[in-house]
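Student: Chains H and P supply the protein sequences, listed in that same order.
When we follow my numbering, the leftmost residue of the first sequence carries the number 1, and every step to the right adds one.
When we follow my numbering, the leftmost residue of the second sequence carries the number 1, and every step to the right adds one.
Here a beta-carbon is modelled for each residue, glycine too, at the ideal position from N, C-alpha and C.
Here's a structure for you.
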Amino acid sequence: MERENFYILLDLSVDPPETNPKTIEAAIAEKQADWSRLRNHPSKGLQAQKYITLIPEIRQVMSDVRLREKEAQSARDHFLKDKESKYPAIDSNIDILMGKGFVAKEEIIRLASVHGLSESEIQSRITAKKEEKFGKIDQQIRLRMAKGYLTEAEIERLAKRHNLKTDEIKLRIHCPVRKNGNAKNEPPPRQLDRSIEKALRDNLKIIGKTSLYDFLELPESADLEQLQEAAVTKKKTLAAIGKKSADLTAGNTLAGHCFTVFKTEESRTAYDVGLAKSKLAELDSDIDISGINGRIRPEYYEILVQKAMDFGMEKEEAKRYIKEYCKRKKWSVEVPHHKKRRQLIAGVVALTLIAVVIAAGWMTLNSQRAEARKTAFADLIRKVEQEQSPDSRVLMLQHYIRNHQGQNEFSEFVEDARRRIDQYYARLAETAFKDKMASVDVLAQKDEYEAAKAVIADYLKSNPPPSFAQKAAAEISNIDRQIENRDFNAVSRVMLEGRADEKIEAIRVYLETHPKGAHAAQAKQMRNDISTEYYIFVKNALYTREADMDWSGCAELAKNYIDLYDNSYSDQLQQQLALYKEKIRQDRIFSALKQKAEDFGQDYRAAIKMYRDYLAAYPDVTFSDRIAEEINSLEYRLQEKKTAEAEEEIEKLLYQSGDRFTRKSEGVILDKRTGLMWALHDSSISLPDTCLSHKEAEAYVDGLTTGGYSDWRLPTADELVAIYKQVPYFPTLGEKWYWTSNSYSSYSDGWRKVIDTITSSPDNKGMERRDSFECGTVRAVRGK
Amino acid sequence: MTKSIKRIFGIDLGTTYSSIAYVDEYGKAVIVPNAENERVTPSVVFFDEDNIVVGEVAKESAKLYPNEVVSFIKRSMGEPNFLFEYNGEHYRPEEISAYILKKLAQDARQQLGEEVTDVVITCPAYFGINEREATRKAGEITGFNVRQIINEPTSAAIAYGSIDSTENRVVLVYDLGGGTFDVTMIAISKEAVEVICTGGDHNLGGKDWDDRIVAYLVERFQQETGTNEDILDDPDTWQDLQLSAEKAKKILSQRPKTPISITHGGQRVKLLLEREKFEELTEDLLDRTIDFTREMLQAAKEKGHDSFDEIILVGGATRMPQVSEHISKAFGITPKVFDPDEAVAKGAAIYGWKLALNDDLIRRISEKTKKNIDRIENITELIDRKEISAEAFREAAQELAADTGYTLPSVENALQRVINVTSKSFGIVAHNPHNEEIVFNLVLRNTGVPIKIRKNFYTAADNQRTVLIRIMESETNRIEIPLEHAMDIKTAVLHLPSDLPSDFPIEITFDLNEEGRLLIMAEETRDSQKVTVEVDTASVIEGEEFELAKLRSQRLVVH
């Protein structure tokens, strides 16, 4: 590894190089003091130690004219190289900023300040920038390897994206390839704590390595056993080096990390994931640049998402990553609005009622021989036509037919009359049909398709002539199309604005009403398109319902999804569904238990025992917490009962103490001998089954308001001795020890504080010192 | 009690805390509390204008005056290029350590009304020759007569053995202090406390646990506030977090979680640190101590010791519950936490007391037998060599017991020996047959001390006047190792008499004493003329600088 350049390390001028020995020595002395001060810095200590050991070499080089000149030259080279090494980062930032078509002046200034270059350099970089594609394939493989394997599909996708054969991709892969990823069954892999990752990076940097694999000099495909072995060997090798140096310390620390990281596959994956994600530092830098004003513009957002996808993330993952990053930074993200999807909905078919035009033809009568008959019939017809009511017309004609039926000479006219009757009937039917259709038309204009349909249905019931019946039926299917269209339009509207569940519901209703609707296929496609969106909705909803322990609700949600889709999410939910069913079952058991406990009434012990027996029989039961809660509350009630009993008991003892101790007020006992007032209840009675550390005891007395007093305090050792060791004794229930206010700090480092304690037993004269973390009882006192 | 013997104090000069102890008139080791009535004193020095403040006040001042406060100086002992600069003056680690010693001595004098002159100071078993030398120098700058530098685990074992010395047993002392980690296998019997094997890391201690918390806090602060700033660049924040982290560690040793607040640049982040997280952050550190322990056990096995009876834990950091848990899991034996803060100082005091008894017995025997015996001779060796009779010893012991009021068995106990091993290998730079420079190890680590090695060197030219010997310290068990695996600790220049021919043998004796100090003598073999040896220990304060520091220290009152 190259060592640091001393000119740079000492912050000395390089161009022209500093040569004044006094200035140089002063710089060394200053740095030596700085580094010595940082020697025990939590994160910079090692680096400082490394620099401290370099001091003799620094002095040697910087005091030798020839060596110093060489050093200055290499510093100049370094700065040149440094600039070049910055270019990829700058290019990447420029990429982002170019996304909107130009780079603003403000952005150039920002870039220049971030990268420590002049604005003109950035400008020239922008112009000189070529469309270079960097092969990021290894990086993408890496990111996917983080889960421990790659899927065939991923490899194919990679191959396609990079225009390579899958075998060529496989050559670069050092982990198992699975047919199908089953990531759905696995929670996202754990990552090492960020501070550990940072420590790893820092230490690796000190010894010039890129990863723990690099450190152990093993490929990333090495198995755990090899890695563990290598770590042990590495540590042994390091131990053989007698030099006390920062490199050695860093090496030792890393070897220690290797033991832990390569202990299990799980911890190793945690490391690998972090390693993969550290590649994202570049992306982070792009986000930083884009977030120049505390917000991410929509144009940038899309490019950032694309960038993240180039890193190998899935789209959703990329969006999430960017949003979360910005959330941490408290930047707002302006997500571009989706252009209103042009729905290829067929234009509304205009509702036009087909007018039925019936051409009526008139018949001319042949009347050569029977002019009279003819005239008579003509008269009749004239009369008939003068009649307004069609019924009368028909009656008149029927009358004529009845009178002239069977008479040959009249047959012509009878036929005519009959025809006329038919015609009148047809006209009647037509009018009726037209009337109906007109009202249907009106309803349809008002979009009241259902009502329109009902009108037609009514009409059909009236037994219309088949031709009209046919037309009416055609009209019904026409209206059905309108309804279908309308309903689908409604679905489309929901698809644009609605929540995922609303969308699903809209599609469901649509498909139920129009199982064979013209848009059924389209609706089903829409439903498929939102499978992820709906899954996210379901996931979120499950989250809230789980929090509410609404297991039936959860089960219903999951089932809804499973019924609709057969994909990886549904598989996942299928498993969850099983869990919910189990929860529901357990809920039922739990309520049965609770009922049973309630049946015991005041016999809390029996109820507690019942719960405990159940727990003993089914120790792994998932609602053990809730049982514990129940037991707690029962115990509390039991304790309340006991407290009441204890109070009675103390009352009796108080009476036996002669007149030394008397009840001053509720819960307060006055010691007439000392004038001190004592709390009737010690902490073990007022906080049943809880013992207190000294600190908690202090808090307890501070918060005490017994008898309306708020100046309760811890008693001194002498005060306690006076009531417990001198007759008549303070009433006591069972032997306990009590905290006093006499405390001693045993060690200055804060490890330990000891407190005098006094027992309530009269024959135990001794006072004991106990660690303040021990758990005991306190009796509050006030006065003096 | 009519007469008392010279009191020799035991001092535990720790990375984070120090303490001083002595053996009282009943033969029991007791800690002397400091002026603040605390039994341990933070090893922190605060340069407050013209005053030097040591201890709790200094530690508290770190938050306000981060650049004027020095902590963890022990980690830099033996580092030649560490220099603390204050008001244009430079201070070496030895001198800063001396201020801590001075504080202990001053406060003890105040408590006991007796000057502290003779002391035994402890250091980690894993300290090399330079670090030991630096520790001794620190004592000398204080103005002490440093009777001996002994190893902390040995000292803890002496204290442990003094409780019940009837039973012979082999204990593993797992010593995780504030800044260093030692693991040592020690056989305790009535006759001797014998170190079998030792190992460890001088850069692994409670502070590393603190540092992990600090790093975690920084990360969390950045996450919560969205900043990328390294808040540790601000010395105030650094010190503040360092103290919070130490406090959090201690609370987590008692409680499952602790709240911590981080304040920086007007922003404040509150969070809850849980023990589980803490253990996750530091698991590798514990794994390392276990690995060191395994390595040491392997080395012990090679020396024929393949079992031990118990593990005792000393050092404040062993209070972390995960230490015991990890050890139990790794070795299937429940370790005992033994007086973690005081055992080392008390053991040193007992050791000092034994030295004092030894001195007194020799004085008495010498008066009785009219033989002139050097005071620094070891009485056990004298009996072994039959230079004094067991009879004479018993008489002297009885007199001493009668005069001082100590019981006879405890006086006879002074015979208990302490046998140590060297924790490092040391050798010299030589040329191999390919004429490459290598290190040739003369003493391998875990060898018993004291040890004397004689070796012949040959002159390269006629009339050669000087020979330069580079003495190297290393951690390996191999005899020949590459130069880069070892560290220069001393250079010895032999000034030869004139007229020696080339290829002429010079006999050099390396004397590694029980304290782990290295003495070098040389002799030319023809006329047995002494050769003057000039030893330069570059890493340790010496010469003018040393005298100046001593002078500064004498004038100084520590607060």
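(1) Output, in sequence order along the chain, the residues in the segment 214 to 227 of chain P whose CB is closer than 9 Å to any CB in chain H.
(2) Which runs of the alpha helix (DSSP H) spanning at least 4 residues fall entirely within the segment 369 to 395 of chain H, listed in chain order?
(3) Are the CB atoms of P:Leu496 and P:Val531 within a distance shorter than 9 Å?
(4) Name the chain P residues that come within less than 8 Å of H:Thr249, Cβ to Cβ?
(5) Could you name the residues of the same chain whose beta carbon sits closer than 6 Å to that of P:Val269, not counting the 5 residues immediately before and after it, in chain order?
(6) Hey, how far is the Cα of H:Ala75 from the Cα of H:Val14?
(7) Could one say the Cβ of P:Phe510 lies closer than 9 Å to chain H's Cβ atoms, at least one of them?
(8) Which partner residues of H:Asp422 appear in the DSSP bridge assignment?
(9) The alpha helix (DSSP H) spanning P:Leu518 covers which residue range?
(10) Measuring only between beta-carbons, confirm whether P:Leu232 sits less than 9 Å from chain H.
(11) If we define contact as Cβ-Cβ less than 9 Å, is P:Glu283 a contact residue for chain B?
(12) Taking H:Arg194 as the query, report the chain P residues whose CB atoms sit under 7 Å from its CB, ordered along the chain.
(13) Got a sec, what are the start and stop residues for the alpha helix (DSSP H) P:Ala192 sits in?
(14) Let's test the definition: count the other Cβ atoms within 10 Å of the Cβ of P:Pro80 and tell me whether it reaches 16, buried, or not, exposed.
(15) Taking the beta strand (DSSP E) that P:Ile20 falls in, what are its first and last residues?
(16) Which residues of chain H have a Cβ atom closer than 9 Å to the Cβ of P:Ser71, listed in chain order?
(17) Would you mind telling me which residues of chain H sit closer than 7 Å to P:Asn87, beta carbon to beta carbon, in chain order?
(18) Which residues in chain H have a C-beta closer than 9 Å to the C-beta of P:Phe278? List them in chain order.
(19) Counting along the chain, where does the beta strand (DSSP E) carrying P:Leu273 start and finish?
(20) Going by beta carbon distance, what residues of the same chain come within less than 6 Å of H:Phe773, once the five residues before and after it are set aside?
(21) Within 10 angstroms of its Cβ, does H:Ala372 collect 16 or more other Cβ (buried), or is it exposed?
(22) Please state the DSSP three-state secondary structure of P:Asn420.
(23) Could you give the first and the last residue of the continuous beta strand (DSSP E) run that contains P:Glu229?
(24) Listing by chain order, which chain H residues have their CB less than 8 Å from the CB of P:Arg75?
(25) Kindly indicate which three-state DSSP category P:Gln148 falls into: helix, strand or coil?
(26) Quick one: does H:Arg585 have its CB under 9 Å from some CB of chain P?
(27) Considering H:Lys581, what are the terminal residues of the alpha helix (DSSP H) in which it resides?
(28) Can you round the beta-carbon distance between P:Val323 and P:Leu176 to whole angstroms, since I take them to be within the 8 Å contact cut?
(29) Output needed for H:Gln602: all residues of its chain with C-beta closer than 8 Å, excluding positions within five of it in sequence on either side, in chain order.
(30) When the Cα atoms are used, what is the spatial distance from H:Met62 to P:Cys197?
(31) Listing by chain order, which chain P residues have their CB less than 7 Å from the CB of H:Thr53?
(32) Identify the residues that DSSP records as bridge partners of P:Thr180: which are they?
(33) Assuming H:Lys307 contacts H:Leu283 (C-beta within less than 8 Å), just tell me the rounded distance between them.
(34) Between the Cα of H:Leu9 and those of H:Arg37, H:Leu218 and H:Lys50, spot the shortest distance and give me the residue it belongs to.
(35) Smallest Cα separation from H:Ala780: which of H:Gly291, H:Ile723 and H:Tyr325?
(36) Give, in chain order, every unbroken run of the alpha helix (DSSP H) that is at least 4 residues long and sits entirely within the segment 39 to 73 of chain H.
Tutor: Looking at the atomic coordinates:
(1) Val214, Ala215, Tyr216, Leu217, Val218, Glu219, Arg220, Gln222, Gln223, Glu224, Thr225, Gly226 and Thr227
(2) 371 to 386
(3) yes
(4) Asn203
(5) Phe221, Glu224 and Ile262
(6) 7 Å
(7) no
(8) None, per the DSSP bridge assignment.
(9) Looking at the DSSP string, P:Leu518 is not in any alpha helix (DSSP H); the run it does join, the beta strand (DSSP E), is Leu518 to Glu524.
(10) yes
(11) Checking the listed chains, one finds no chain B in this structure; the protein chains it contains are H and P.
(12) Glu219
(13) Careful: P:Ala192 lies outside any alpha helix (DSSP H), inside the beta strand (DSSP E) at Ala192 to Asp201.
(14) buried
(15) Tyr17 to Val23
(16) Asn40
(17) The premise fails here: P:Asn87 is roughly 11 Å from chain H at the closest Cβ pair, so nothing lies under 7 Å.
(18) Here the premise fails: no neighbours, minimum Cβ distance about 10 Å.
(19) Gln267 to Glu274
(20) Ser693
(21) exposed
(22) strand
(23) Where P:Glu229 is concerned, there is no enclosing beta strand (DSSP E), given that its DSSP letter is neither H nor E.
(24) Arg39 and Asn40
(25) strand
(26) no
(27) Ser568 to Asp599
(28) 7 Å
(29) none
(30) 44 Å
(31) Asn81
(32) None, per the DSSP bridge assignment.
(33) 6 Å
(34) H:Lys50
(35) H:Ile723
(36) 45 to 63
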